[in-house]
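The opening position of the sequence shown corresponds to residue 13 in my numbering, with each subsequent residue numbered one higher. For reference, the structure is listed below as structure tokens.
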Amino acid sequence: MKLEEIFQVYKENIMPTYNKVPLVFVKGKGSRLWDIKGRVYLDFFPGWGVGNLGHCHPKVMQGLRDQVSKLIFVPNNYYHPSQAKLAKELIYCSFPGKVFFANSGAEANEGAIKLARQFGAASGRFEIITFENAFHGRTLATLAATGQKKYQKGFEPMPEGFKQVKFNDLQAFKQAITDKTVAVMLELIQGEGGINIAEPDFVLALRKICDEKKLLLIVDEVQTGIGRTGKMFCYQYYGVIPDIMTLAKALGGGLPIGAMVVKKEFSDLLSPGMHASTFGGGPVICRAALGVFKAIDQDKLLKNCQNMGKYLLEKLKLLEAAYPVIKDIRSKGLMFGVELSIDGKQVFDKCLERGLLINCTHEKVLRLMPALNISKNEIDKALKILEEALKECR
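Below you can see the structure in the form of structure tokens.
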């Protein structure tokens with residue numbers, strides 16, 4: 013199909029639920045994408061964190077090719093070795109517990125919400141406290157948990173049982189607790205919220221209160237998990253262990269998967285027939301995810317993430333000193349938010365014209381989330397383009 017034909021087919025046959033960038037990509041390798049005309053782009057925002065290994069990583073592709081030739085689907089009332097291996101790997105890398113596999117972050121968070129309600133059912137507790145500017149998904153329940161009214165507009169009434177309070181405000185959290193409260197759900201770094209980072213003392217206090225009041229601590233690591241912040245999971249920076257952790261995006265190396273990891277003492281609350289996901293944790297996707305863990309380990313990508321994160325931050329600080337339109341830089345590992353005093357869309361457009369893919373959220377926050385195997389040369393190239401864009405937009 014030719015370019016204009018593709019655009020027309022989309023217009024006539026696909027629901028307009030996304031703001032489309034007029035690009036058609038046909039090939040990807042590492043941190044580079046090729047469009048239908050053969051132009052190469054440097055990808056510094058691979059799928060909201062899906063591409064932690066970049067595009068088509070060899071270790072992911074090897075597992076995929078092998079599995080596709082043998083068995084694609086097994087219902088979850090049977091066993092298969094790849095799911096067992098992936099569950100074991102997740103528990104080994106996180107905390108003693110059990111795993112539920114789904115297809116997306118929203119599904120994983122739905123599972124966490126249902127488990128929390130089951131935990132509180134005997135005592136009549138069902139309310140979950142979440143935070144302003146949070147994002148937990150687009151199903152009705154996860155929309156209700158999301159602390160951004162713009163995503164909820166038009167879908168009211170929202171399901172009951174959720175309260176939003178100010179992020180990093182311990183007093184507001186304490187005041188929101190009632191005899192109906194059963195859990196708290198938070199992102200340690202709010203991605204869609206503008207790269208807002210949880211304060212260590214705040215997280216420690218949440219863990220303590222949850223222990224005292226028998227509340228579940230649910231940590232949404234859909235975007236921060238699988239090495240994005242320089243550790244396998246972001247909670248490992250905070251000296252706490254969540255009762256439930258949700259994962260998705262980078263876990264599948266580009267294929268759809270979600271996972272809920274639950275501490276042992278709560279992991280049998282959902283018994284057969286209470287929750288399910290038809291395609292969750294299938295053979296092909298589990299082989300891809302095992303390739304992700306293999307690549308992170310063998311290629312030492314957590315260390316590279318830490319080193320390249322420091323390097324990128326140093327380079328961005330130089331830009332901040334030279335361009336007053338940069339108000340703030342917030343980061344952990346290779347998860348960056350660059351807050352501007354001007355409209356970020358114009359900077360996004362100028363970068364796109366020059367072959368750099370980034371993201372803009374909350375109108376003025378540029379998001380950079382390059383692959384964990386990014387190189388200094390690629391960072392230098394990206395920052396040169398970003399500086400050229402800032403020159404034109406200041």
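The C-beta atom is built at its ideal place from N, Cα and C for all residues, glycine as well. All of these numbers come straight from a predicted model, not from anything done at the bench.
Check, Outcome
"Cβ shell of Ser94 (< 8 Å), same chain only, five flanking positions each side left out", "Gln79, Pro295, Cys298, Arg299, Leu302"
"Extent of the continuous beta strand (DSSP E) to which Lys14 belongs", "From DSSP, Lys14 is part of no beta strand (DSSP E); its letter is neither H nor E."
"Among Ile308, Thr154, His148, Ala210, nearest to Val234 - alpha-carbon criterion", "His148"
"Three-state secondary structure (DSSP) of Met381", "coil"
"Among Ile230, Ile308, Pro254, Thr190, nearest to Thr241 - alpha-carbon criterion", "Ile308"
"Three-state secondary structure assigned by DSSP to Leu259", "strand"
"For Ile230, the nearest candidate out of Asn121, Asn115, Ser106 (CA to CA)", "Asn121"
"Cβ-based neighbour list, Lys39, same chain, cut-off 6 Å, excluding 5 preceding and 5 following", "Trp46"
"Own chain partners of Tyr323 with C-beta closer than 7 Å, once the 5 adjacent residues on each side are dropped", "Lys388, Ile391"
"Within the segment 108-180, ranges of the alpha helix (DSSP H) (whole runs, at least 4 residues)", "117-132, 152-157, 161-164"
"8 Å Cβ cutoff met for Gly237 and Ala210", "no"
"For Gly136 and Leu313, the rounded distance between their alpha carbons", "45 Å"
"Backbone secondary structure at Ser387 - three-state DSSP", "coil"
"In chain order, each beta strand (DSSP E) run of at least 3 residues that lies wholly inside the segment 190-269", "193-198, 228-232, 256-259"
"Euclidean distance between Cα positions of Ala217 and Ile207", "21 Å"
"Length-filtered (3 minimum) beta strand (DSSP E) runs lying within the segment 30-116", "37-41, 44-47, 52-55, 109-114"
"Contact the segment 106-119 vs the segment 265-272: 3+ CB pairs below 8 Å", "yes"
"Other residues of its chain near Leu15: CB distance less than 7 Å, five sequence neighbours each side excluded", "Val36, Ile48"
"Three-way DSSP call (helix, strand, coil) for Arg299 in this model", "helix"
"Beta-carbon proximity check, Gln130 vs Leu281, cutoff 8 Å", "yes"
"Reference Leu378, options Phe360, Lys165, Phe143, Met286, closest by Cα", "Phe360"
"N-terminal and C-terminal residue of the beta strand (DSSP E) that Leu352 is part of", "347-352"
"Cβ shell of Gly132 (< 7 Å), same chain only, five flanking positions each side left out", "Phe138, Val194"
"Environment of Tyr30 [buried if 16+ CB atoms lie within 10 Å]", "exposed"
"Unbroken alpha helix (DSSP H) run spanning Asp361, endpoints", "356-365"
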